[in-house]
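**Q** Heads up: the sequence lines are chains A and B, in that order. Residue numbers for the first sequence follow this note's numbering, so the first one is 7 and each next one is one higher. Residue numbers for the second sequence follow this note's numbering, so the first one is 7 and each next one is one higher. All C-beta atoms in this analysis are idealised placements derived from N, C-alpha and C, irrespective of residue type, glycine included. Here it is, the structure, as structure tokens.
Protein chains: 2
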Amino acid sequence: MSETLNLTRNQELVLKALLHSQGPLSAYQILDELRGEGLRAPLQIYRALDKLRDRKLVHRIETLNAFVACSCHADHAGETVAFAICEACGKVEEFSDEALQKRIGAWTREHDFLPARTTLEIKGLCAACH
Amino acid sequence: MSETLNLTRNQELVLKALLHSQGPLSAYQILDELRGEGLRAPLQIYRALDKLRDRKLVHRIETLNAFVACSCHADHAGETVAFAICEACGKVEEFSDEALQKRIGAWTREHDFLPARTTLEIKGLCAACH
DNA sequence: CTCCGATATGTTATGACATTACATTTATGT
DNA sequence: ACATAAATGTAATGTCATAACATATCGGAG
Numbered sequence: 007m008s009e010t011l012n013l014t015r016n017q018e019l020v021l022k023a024l025l026h027s028q029g030p031l032s033a034y035q036i037l038d039e040l041r042g043e044g045l046r047a048p049l050q051i052y053r054a055l056d057k058l059r060d061r062k063l064v065h066r067i068e069t070l071n072a073f074v075a076c077s078c079h080a081d082h083a084g085e086t087v088a089f090a091i092c093e094a095c096g097k098v099e100e101f102s103d104e105a106l107q108k109r110i111g112a113w114t115r116e117h118d119f120l121p122a123r124t125t126l127e128i129k130g131l132c133a134a135c136h
Numbered sequence: 007m008s009e010t011l012n013l014t015r016n017q018e019l020v021l022k023a024l025l026h027s028q029g030p031l032s033a034y035q036i037l038d039e040l041r042g043e044g045l046r047a048p049l050q051i052y053r054a055l056d057k058l059r060d061r062k063l064v065h066r067i068e069t070l071n072a073f074v075a076c077s078c079h080a081d082h083a084g085e086t087v088a089f090a091i092c093e094a095c096g097k098v099e100e101f102s103d104e105a106l107q108k109r110i111g112a113w114t115r116e117h118d119f120l121p122a123r124t125t126l127e128i129k130g131l132c133a134a135c136h
């Protein structure tokens, strides 16, 4: 799978670290996990993350300063991705809601605002934690 | 006005700095503006910001690591506040959209997620900048 | 194949944002 | 006026992210 994506070694290591993780990881946590693989500097992680984010294989969670592997198997080009973040267990649920996007689009049209990127993050307690 | 809010000196200085600003300010930018008033340490700013945020007089823009004075004169207790951020001129438009909140509420109910705080930030170009 | 440009990597240093810990002062209520 | 809670001052440190520069690797054109 990763092979067909033509990832470089560092990119693949970073993506795997995120895929194996239960929750989001900060760049420095990823670095710590990959020191055994020879990675030493934060920039090595950030560079890999940048490429992975370009390809939508990884998302940044703004409210956590952390990163998650994309769990949406569809190709969400252009789509806004949203997150529900459990403050108890740390799990992050990624979703994309058509109606929500329409509603955001309606607001931006009404206000003549040209949207580029939308960040939507909901913090609370997931089904398992309340 | 500020007097009726019973703000402390530091809180008032920080709030005024934000009110006088065209756009969002980072805590360190606020500090720089207030050195003349005798403030010296980041913590003095962060503490004032925390109190102001508790009282919803100030909001944090997560995607900018910066803060804005609340521009909504209504009392938005419990409401989700959203932001449209112009990447050209830096202006931040604060808004609260009923339909949007309903839609987010619908998603959380469907997924049995108990929401606490929602962050919604749209980056793009404002009417004046495109 | 070999050369070249583009891309990725390695490394050090530094910048930007935020908090911990502790001592002191000021405000508030009884 | 006294006790307690809230706010303040200060230094040090922790966390997140990027700049600058040198080197190596990949992929295509000749």
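Report all residues from its chain with a CB closer than 8 Å to the CB of E85(B); omit the five preceding and five following residues, and keep chain order.
**A** Closer than 8 Å at the Cβ level, and outside the excluded window around E85(B), lie S102, Q107.
**Q** Just the chain A side, please: which residues come within less than 7 Å of R123(B) by C-beta, in chain order?
**A** K129
**Q** Please classify R109(A) as buried or exposed, where buried requires at least 16 neighbouring CB atoms within 10 angstroms.
**A** buried
**Q** Excluding the 5 residues preceding and the 5 following L126(A) in the sequence, name in chain order all residues of the same chain whose CB lies nearer than 6 Å to its CB.
**A** A88
**Q** The alpha helix (DSSP H) spanning L40(A) covers which residue range?
**A** 33-40
**Q** Quick check on this structure: which residue in V64(A), K62(A), L19(A) has the alpha carbon closest to the alpha carbon of G42(A)?
**A** L19(A)
**Q** Going by DSSP, which residues form a beta bridge with E100(B)?
**A** F89(B)
**Q** Taking the C-alpha atoms as reference points, what is the distance between G29(B) and A122(A)?
**A** 19 Å
**Q** Taking Cβ-Cβ distances shorter than 9 Å, what residues in chain B pair up with H6(A)?
**A** Look at the range of chain A in this structure, 7 to 136, and you will see that residue 6(A) is not part of it.
**Q** Could one say the Cβ of E43(B) lies closer than 8 Å to chain A's Cβ atoms, at least one of them?
**A** no
**Q** Would you report the Cα separation of C95(A) and R66(B), rounded to the nearest angstrom?
**A** 24 Å
**Q** Name the chain B residues that come within less than 7 Å of R53(A), Cβ to Cβ?
**A** Around R53(A), no beta-carbon contact reaches into chain B at under 7 Å, the shortest distance being about 21 Å.
**Q** Output needed in chain order: residues of the segment 10-22 of chain B with a Cβ under 7 Å from some Cβ in chain A.
**A** Answer set for the segment 10-22 of chain B: empty.
**Q** Judging by CA-CA distance, which residue of I91(A), R115(A), T114(A), D38(A) is the nearest neighbour of E68(A)?
**A** I91(A)
**Q** With a threshold of 7 Å on Cβ separation, who are the neighbours of L37(B) within its own chain once the five nearest residues in sequence on each side are excluded?
**A** The answer, listed in chain order, is L45, P48, I51.
**Q** Please state if the CB of L58(A) and the CB of A33(A) are separated by a distance shorter than 8 Å.
**A** no
**Q** Could you give the distance in angstroms between the alpha-carbon of L21(B) and the alpha-carbon of S27(B)?
**A** 10 Å
**Q** Can you tell me the Cα-Cα spacing of V74(A) and N12(B), whole angstroms?
**A** 42 Å
**Q** Just reading off the beta strand (DSSP E) that E127(B) is part of, what are its end residues?
**A** 120-131
**Q** For R66(A), which of helix, strand or coil comes out of DSSP?
**A** It is a strand residue.
**Q** Classify A47(B) as helix, strand or coil using the three-state DSSP reduction.
**A** coil
**Q** Rounding to the nearest angstrom, what Cα-Cα distance links S8(A) and K97(A) in this structure?
**A** Bear in mind that the predicted position of S8(A) carries a pLDDT of just 36, short of 50, making it too unreliable to give a figure here.
**Q** Under three-state DSSP, which class holds A94(A)?
**A** coil
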